[in-house]
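This note's numbering applies: residue 70 is where the sequence shown begins, and numbers increase by one.
Backbone N, C-alpha and C define an ideal beta-carbon position, used for all residues, glycine too.
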Amino acid sequence: MLETTSTSKQHKIEFEEYGFLHLQAALNEYKFKKLKDAHKDLVDHAHRLLEIILSSGKSISKYYRETENELIVTPERNNNNKICRFEYISGYNRSVQDFVALELRPLIVDIIGESYLLFKDKCNEKHSGGGAFTPHQDFSAYKIFGPKKFVT
70 MLETTSTSKQ HKIEFEEYGF LHLQAALNEY KFKKLKDAHK DLVDHAHRLL EIILSSGKSI
130 SKYYRETENE LIVTPERNNN NKICRFEYIS GYNRSVQDFV ALELRPLIVD IIGESYLLFK
190 DKCNEKHSGG GAFTPHQDFS AYKIFGPKKF VT
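So, in structure tokens, the structure goes:
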């Protein structure tokens, strides 16, 4: 479990009042290393996937229509060999899946007081000169789905 294993009443009050909660030192060194290793695995796999897709001659969308349960990689717009982001992280990587299910989910449910749905499961890779978006919050784009709270 995260180092902040029990949420206090104060955590819940802060979340409701401010709309966010910063849990300082929630990861110990071991758990941080596990997540860092998982990220490296994801990045390495994303690079291999881009090579496979580019050498296949298929479009990225065609490749994924023909492939199930795979990490979804999006290259930078101006450089197909650079990763912009990858998605379906917890579906592909067991360490991330376990971390979300066993560490984050119970903590989030305790803080917000209800179950939640993992909706946007991705990691953006930020490169200098990359095609970055200006700072934004995605929640406004997803109002049509009806969620009342967003946890990032």
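query                                                                               : result
Rounded separation between glutamate 86 and arginine 117 - CA only                  : 44 Å
Buried/exposed call for threonine 74, threshold 16 Cβ in 10 Å                       : Legend: pLDDT at threonine 74 = 48, less than 50; position of this residue unreliable, no value from coordinates given.
Opposing strand residues paired with valine 165 [DSSP bridges]                      : Note: valine 165 sits in no beta bridge, so no partner.
Rounded C-alpha distance that separates glycine 88 from serine 77                   : 16 Å
Rounded C-alpha distance that separates phenylalanine 155 from leucine 186          : 19 Å
Anticipated Cβ contact below 8 Å, asparagine 193 with alanine 107, distance rounded : The Cβ separation is near 16 Å, so there is no contact.
Alpha carbon of asparagine 149 to alpha carbon of histidine 196, nearest angstrom   : 13 Å
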